[in-house]
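Novice:
There are 6 protein chains.
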Amino acid sequence: MSEDDFKRGWKRMVEINELGAEAFRDRMEDFAPDLYRDTVEFVYGNVLSRPVLDLKTRELITVAALTALGDTRSQLRFHIYGALNVGCTREEVLEVIMQMGVYAGWPAALNAINVAREIFEARDEEGLD
Amino acid sequence: MSEDDFKRGWKRMVEINELGAEAFRDRMEDFAPDLYRDTVEFVYGNVLSRPVLDLKTRELITVAALTALGDTRSQLRFHIYGALNVGCTREEVLEVIMQMGVYAGWPAALNAINVAREIFEARDEEGLD
Amino acid sequence: MSEDDFKRGWKRMVEINELGAEAFRDRMEDFAPDLYRDTVEFVYGNVLSRPVLDLKTRELITVAALTALGDTRSQLRFHIYGALNVGCTREEVLEVIMQMGVYAGWPAALNAINVAREIFEARDEEGLD
Amino acid sequence: MSEDDFKRGWKRMVEINELGAEAFRDRMEDFAPDLYRDTVEFVYGNVLSRPVLDLKTRELITVAALTALGDTRSQLRFHIYGALNVGCTREEVLEVIMQMGVYAGWPAALNAINVAREIFEARDEEGLD
Amino acid sequence: MSEDDFKRGWKRMVEINELGAEAFRDRMEDFAPDLYRDTVEFVYGNVLSRPVLDLKTRELITVAALTALGDTRSQLRFHIYGALNVGCTREEVLEVIMQMGVYAGWPAALNAINVAREIFEARDEEGLD
Amino acid sequence: MSEDDFKRGWKRMVEINELGAEAFRDRMEDFAPDLYRDTVEFVYGNVLSRPVLDLKTRELITVAALTALGDTRSQLRFHIYGALNVGCTREEVLEVIMQMGVYAGWPAALNAINVAREIFEARDEEGLD
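The following block contains the structure:
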């Protein structure tokens, strides 16, 4: 990987969730620098910067996967906030979570719904959609 | 639930994957009639027939969730085949699976890739996209 | 689904855990009304109101499943409290969790034991079995 | 653990599923003797021989947990067959699995239903309930 | 199992994490005495006291498994602290977690990294490696 | 990432399991070239080529994680075979799996034991340790 991958990755992270990206950098850059670099370069600079799927769809499948996997509240906060930043509507996020009730079970969906409410309320306070 | 939910659900199952829907009916209708009816009425007639998300997006988040959950080869066969039927491209299906490598781990993604190849080959033989 | 399913579902939720049902309604009714309605109508009014298994057994298999699935503290609180409400003993709840150590691993069982202790202490304060 | 635990465990395994117990012994006794002994002594001689829950309930919560966990076809075969041996009805086994659709998701329930059908057919051929 | 197993198990628990072992005993001994005894006798006195793998390796595979399983913060605290007590370095613990990003997905690794930082900071305050 | 990462990754894959690496290349190179390249470059050329942990330890934690995750038979075949290639003993592999019974539950351990037996028999036929 290269400096270009890192730059592209950081740009994409910021595009999805600038405050979350900065908080992630502050927590990880010194403590686990290699995992931090791999996250920016590989996850965001490579995988999440690929073509074929638009960023809205990438965020919705991420919300779906995080809901299904469980134990991902922190990641759901980042990506529900991020999904709304890149143009998904609140209704779309709730629909994805609701469909997960059927595929991953009600507890998984209800856990994610609670994160969604928390994020929507935070955005209300910030005056964001 | 009502007869209308059942009809709408069956129509949606057929729209996604007619052969798969018929095979499901043949396996389940007599053996587990209540689970069969709930699947058609509730899963397909209610959840998967809701508005807000188009059917392509619903199939892509389903492929994402099934890849992340694991132990879902049979369901992945139905929904990868179904995703292509409702207008997703093979490239989009592979992109979803590839992104799951990052969220659910490489083994989950590699298992799903193997199902995708199997389905793509079956569709090649059937002359389908 | 119908108004009857909803009524039967709400009655069943209240039978299992009245305070939990009301808290659930207060959190969900406005925020995610469709998921709220599906939960009451389909999960409680349809699945958990079916015959064949008595309510005690339904609550014990639910505690088993929630323990095995993980990341279900909120749902375990509802259903451990509910299991005791519908006639399971504390010893039965602990036995189910202990058996899960073997099937789902020690961490899953220890997490659920901590929820059980929390619920038992709350019931002690309320003067309940 | 002691010889007594082992004897009690083997007796319990045989009570649940004699053919399955013998097949397990044949596969494991030489290849992984310590895991074999721990399974008989600890899992069956200790945990599954405890009081408080009757054996029918223990088998139903095991079917619930195995359905929820996924990737457990081999264990589901043993315990669905075993549940029926110790007095559970086929309807009860199907009810447990159906309830898991709600807690662990449809794919988990459908996978377990397929194992149940396979076991029921095998028992039909053997002339068993 | 015997008194010897219990003594060996307790000694091993203390060797791995004395404060954690005492906290576990205080929480469990009265509330769930059988699960407490099984944990000490079977998990620590039997499985974790076996030869073939040294204790450092046992702790590293435990950290790997807990990271992969998810919803194991409490157990990760015990075993990351324990891994360092029995001679693993902080770098080794971080490497194990980082490798889990690939096998279990980024969310699992990031959750475990957060526990590792918390434990490392606690040890800094205690003047431990 | 660069050609160097790819070369280092391929060398590491071959070091772990040459036949498995070639079979993986044959299945993936044309069908999913980007996932193939990421696997070689990132997983093997970056993560699994890092220092701090020796290759034996990396393979043992991988066997632990794959056992715990479930639905990973194909990956367990690759890595149990690989663990033995890089110097782990059969006893060490079995010990890792056995410890997983405690952390991930008996079904996970028994599934992995069955893969281990299959791989050990294949190596017996090949005259390998």
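Residue numbers (this note's numbering), protein chains in the order written: chain W, 6 to 134; chain A, 6 to 134; chain R, 6 to 134; chain P, 6 to 134; chain H, 6 to 134; chain V, 6 to 134.
Here a beta-carbon is modelled for each residue, glycine too, at the ideal position from N, C-alpha and C.
(1) Measuring only between beta-carbons, confirm whether Glu120 of chain P sits less than 8 Å from chain W.
(2) If you check the beta carbons only, do Ala70 of chain A and Ala69 of chain W fall under 8 Å apart?
(3) Do you know whose CA, among W:Gly87, W:Lys12, W:Asn51, lies nearest Ala127 of chain W's CA?
(4) Name the chain H residues whose beta carbon is nearer than 7 Å to that of Val107 of chain A?
(5) Check whether the segment 29-37 of chain A and the segment 62-82 of chain A are in contact - that is, three or more C-beta pairs closer than 8 Å.
(6) Which complete alpha helix (DSSP H) runs does the segment 17-57 of chain P hold, if anything under 4 residues is left out?
(7) By Cβ distance below 6 Å, which residues in the same chain neighbour Trp15 of chain R in space, the five residues on each side in sequence not counted?
(8) Looking at C-beta atoms only, is the number of pairs between the segment 71-85 of chain P and the segment 74-94 of chain A that lie closer than 8 Å three or more?
(9) Against chain P, which members of the segment 37-51 of chain H pass a CB distance test of less than 9 Å?
(10) Along the chain, where does the alpha helix (DSSP H) that runs through Leu89 of chain A open and close?
(11) Which one of R:Val52, R:Pro56, R:Asn119, R:Tyr41 has the shortest CA to CA distance from Glu100 of chain W?
(12) Can you check which of these residues, H:Ala28, H:Arg122, H:Ile21, is closest to Leu53 of chain H by C-alpha distance?
(13) Quick check for students: name the residue ranges of the alpha helix (DSSP H) that lie wholly in the segment 97-127 of chain R, counting only runs of 4 or more.
(14) Taking a cut of 9 Å between CB atoms, which residues from the segment 63-92 of chain H lie near chain V?
(15) Thinking Met103 of chain P and Ala113 of chain P are a contact (beta carbons under 8 Å), I'd like their distance in whole angstroms, please.
(16) Quick one: is Arg55 of chain W near chain A, going by C-beta distance under 8 Å?
(17) In terms of alpha-carbon separation, which member of H:Asp9, H:Ala37, H:Ser7, H:Met18 lies closest to Glu97 of chain R?
(18) For Asp39 of chain R versus Leu89 of chain R, is the C-beta spacing smaller than 8 Å?
(19) How about Asn2 of chain V: is its C-beta nearer than 8 Å to some C-beta of chain P?
(20) Against chain A, does Met103 of chain W count as a neighbour if the rule is that its beta carbon must be under 8 Å from one of theirs?
(21) Please say whether Tyr108 of chain P and Thr67 of chain R have beta carbons closer to each other than 8 Å?
(22) Report the neighbours of Ala117 of chain H on chain W: residues whose CB is nearer than 8 Å to its CB, in chain order.
(23) Taking the continuous alpha helix (DSSP H) assigned at Thr62 of chain H, which residues delimit it?
(24) Name the chain W residues that come within less than 9 Å of Glu27 of chain A, Cβ to Cβ?
(25) Can Ala28 of chain W and Ile85 of chain W be called in contact, C-beta distance under 8 Å?
(26) Which residues in the same chain have their Cβ closer than 7 Å to the Cβ of Val19 of chain R, if we skip the five residues on either side of it in sequence?
(27) Spatial neighbours of Phe11 of chain P within its chain, please: C-beta separation below 8 Å, excluding the five flanking residues on both sides.
(28) By Cβ distance, which residues of its chain are closer than 6 Å to Arg17 of chain P, with the 5 residues on each side in sequence left out?
(29) Indicate the three-state DSSP secondary structure (helix, strand or coil) for Gly14 of chain W in the structure shown.
(30) Please identify the residue among W:Gly132, W:Arg13, W:Ala117, W:Ser7 whose C-alpha is closest to the C-alpha of Phe83 of chain W.
(31) Distance cutoff 8 Å, beta carbons only. Does Ala114 of chain A sit that close to anything in chain V?
(32) Using 10 angstroms around the beta-carbon of Gly110 of chain A, count the other beta-carbons present and answer buried if the total reaches 16, otherwise exposed.
Specialist: From the atom records:
(1) Taking the fourth sequence and counting its residues from 1, one reaches residue 120 of chain P at position 115. Going by the sequence as given, residue 120 of chain P is Val instead of Glu. For Val120 of chain P, the closest Cβ of chain W is not nearer than 8 Å.
(2) The sequence position of residue 70 of chain A within the second sequence is 65, counting from 1. The sequence position of residue 69 of chain W within the first sequence is 64, counting from 1. Ala69 of chain W is positioned such that its CB atom lies closer than 8 Å to that of Ala70 of chain A.
(3) In the first sequence, counting from the first residue as 1, residue 127 of chain W sits at position 122. Selected option, being the one with the closest Cα: W:Gly87.
(4) For the purposes of this step, residue 107 of chain A is taken as the residue at position 102 of the second sequence. Here the neighbours are Gly110, Trp111.
(5) Here the segment 29-37 of chain A does not lie against the segment 62-82 of chain A, with fewer than 3 beta-carbon pairs under 8 Å apart.
(6) Considered as a whole, the segment 17-57 of chain P harbours 38-43 as its complete alpha helix (DSSP H) runs of no fewer than 4 residues, in chain order.
(7) Residue mapping note: residue 15 of chain R aligns to position 10 of the third sequence, counting from 1. Taken in chain order, the residues that qualify are Val45.
(8) Contact between the segment 71-85 of chain P and the segment 74-94 of chain A is present, because at least three Cβ pairs lie under 8 Å.
(9) Listed by position, the residues of the segment 37-51 of chain H near chain P (Cβ gap below 9 Å) are Asp39, Asp43, Glu46, Phe47, Asn51.
(10) Here residue 89 of chain A refers to the residue found at position 84 of the second sequence. Here the alpha helix (DSSP H) through Leu89 of chain A covers 78-90.
(11) In the first sequence, counting from the first residue as 1, residue 100 of chain W sits at position 95. Closest in C-alpha terms to Glu100 of chain W, from the list R:Val52, R:Pro56, R:Asn119, R:Tyr41, comes R:Tyr41.
(12) For the purposes of this step, residue 53 of chain H is taken as the residue at position 48 of the fifth sequence. Closest by alpha carbon: H:Ile21.
(13) The qualifying runs do not exist here; there are none.
(14) Listed in sequence order: Arg63, Leu65, Ile66, Thr67, Val68, Ala69, Ala70, Leu71, Thr72, Ala73, Leu74, Thr77, Gln80.
(15) As a first step, residue 103 of chain P must be located in the fourth sequence, where it is residue number 98. As a first step, residue 113 of chain P must be located in the fourth sequence, where it is residue number 108. Actually they are not in contact, since the Cβ atoms of Met103 of chain P and Ala113 of chain P sit about 11 Å apart, beyond 8 Å.
(16) Residue 55 of chain W sits at position 50 when you count from the first residue of the first sequence. With 8 Å as the cut-off, Arg55 of chain W counts as an interface residue toward chain A.
(17) Locating residue 97 of chain R in the third sequence gives position 92, where the first residue counts as 1. Of all alpha-carbon atoms in H:Asp9, H:Ala37, H:Ser7, H:Met18, the one lying nearest the alpha-carbon of Glu97 of chain R is that of H:Ala37.
(18) Residue numbering aside, residue 39 of chain R sits at position 34 when the third sequence is read from its first letter. Residue numbering aside, residue 89 of chain R sits at position 84 when the third sequence is read from its first letter. Cβ distance not < 8 Å, so Asp39 of chain R and Leu89 of chain R don't count as in contact.
(19) The question about residue 2 of chain V has no answer, for chain V in this structure spans 6 to 134.
(20) Within the first sequence, numbered from 1, the residue matching residue 103 of chain W stands at position 98. Taking Cβ atoms only, chain A reaches closer than 8 Å to Met103 of chain W, which makes this a yes.
(21) Looking up residue 67 of chain R in the third sequence gives position 62. Looking up residue 108 of chain P in the fourth sequence gives position 103. Yes; because the gap between Cβ atoms is below 8 Å, this pair is in contact.
(22) By 1-based counting over the fifth sequence, the position of residue 117 of chain H is 112. Simply none; closest approach about 10 Å.
(23) Position 57 of the fifth sequence, counted from the first residue, corresponds to residue 62 of chain H. Per DSSP, Thr62 of chain H belongs to the alpha helix (DSSP H) from 60-74.
(24) By 1-based counting over the second sequence, the position of residue 27 of chain A is 22. Here the premise fails: no neighbours, minimum Cβ distance about 21 Å.
(25) Position 23 of the first sequence, counted from the first residue, corresponds to residue 28 of chain W. Position 80 of the first sequence, counted from the first residue, corresponds to residue 85 of chain W. No.
(26) The residue you call residue 19 of chain R lines up with position 14 of the third sequence. So the list reads Ala26, once near-sequence residues are dropped.
(27) Locating residue 11 of chain P in the fourth sequence gives position 6, counting from the first residue. Within the same chain, Arg42, Val45, Glu46, Gly50 come within 8 Å of Phe11 of chain P by CB-CB distance, once the 5 residues on both sides are set aside.
(28) As a working mapping, residue 17 of chain P is identified with position 12 in the fourth sequence. Cβ contact annotation for Arg17 of chain P (same chain, cutoff 6 Å, sequence separation greater than five): Tyr49, Leu53, Ser54, in chain order.
(29) For this step, residue 14 of chain W is matched to residue 9 along the first sequence. In the three-state reduction of the DSSP assignment, Gly14 of chain W falls in the helix class, which pools H, G and I.
(30) On the first sequence, position 78 is the one that residue 83 of chain W refers to. With distances taken between Cα atoms, Phe83 of chain W lies closest to W:Ala117.
(31) On the second sequence, residue 114 of chain A is found 109 positions in, with the first residue counted as 1. It does; some Cβ of chain V falls within 8 Å.
(32) For the purposes of this step, residue 110 of chain A is identified with residue 105 of the second sequence, where counting begins at 1. Around the beta carbon of Gly110 of chain A, a 10 Å sphere encloses 16 or more other beta carbons of the protein chains shown; the residue is thus reported as buried.
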